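Enquirer: Quick one: the structure is below, and I'll ask about it shortly.
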Amino acid sequence: QTINGAKYYFASSGLMQKDWFKVNGEDYYAASSGTIQAQWVKSGRNWYYVDTDGKMVTGDYIIDGEVNRFDNQGLWMNQIN
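Quick note on numbering: my numbering labels position 78 of the sequence shown as 82, and the sequence is numbered without any gaps.
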């Protein structure tokens, strides 16, 4: 749902989702404020990237014009030159 130009995700219970959550078995991320946007997410010592819908990316994905490689768990591996 978009409110005042910001994206949010609400569960069927009506609860606004924050941090990591699943939708149909897929991993998503929302900031602690609940906003959803394309961003890097650090979890422990690992880096992940979520797209503009908050969905964790896997495989090769272009970020700021550079191809980045993520494993099938979404863990950032390296930038491809």
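Even glycine gets a Cβ: it sits at the ideal position worked out from N, Cα and C.
What you are looking at is a predicted structure, and each value in this text was computed from that prediction instead of being measured.
1) Hey, out of D31, I84, D75, T56, whose CA is closest to T39's CA?
2) Relative to the C-alpha of G78, which candidate in T62, W44, A15, Q43 has its C-alpha closest?
3) What are the complete beta strand (DSSP E) segments, minimum 3 residues, inside the stretch 20-51?
4) Let me check understanding here. Comparing Cα to Cα, which of Y65, N76, D75 lies closest to N85?
5) Along the chain, where does the beta strand (DSSP E) that runs through M81 open and close?
6) Report the residue from A10, K59, Y53 whose alpha carbon sits nearest the alpha carbon of F74.
Expert: According to the structure data:
1) Your numbering for residue 39 matches position 35 in the sequence shown. Taking T39 as reference, the option from D31, I84, D75, T56 with the minimal CA-CA separation is T56.
2) The sequence position of residue 78 within the sequence shown is 74, counting from 1. Of T62, W44, A15, Q43, the residue nearest in Cα terms is T62.
3) Runs found: 23-27, 30-34, 43-47.
4) Numbered from 1 along the sequence shown, position 81 holds the residue referred to as residue 85. For the residues Y65, N76, D75, the minimum Cα distance to N85 belongs to Y65.
5) Taking the first residue of the sequence shown as position 1, residue 81 is located at position 77. Per DSSP, the continuous beta strand (DSSP E) segment holding M81 begins and ends at 80-84.
6) Here residue 74 refers to the residue found at position 70 when the sequence shown is read from its first residue. Out of A10, K59, Y53, Y53 has the C-alpha closest to the C-alpha of F74.
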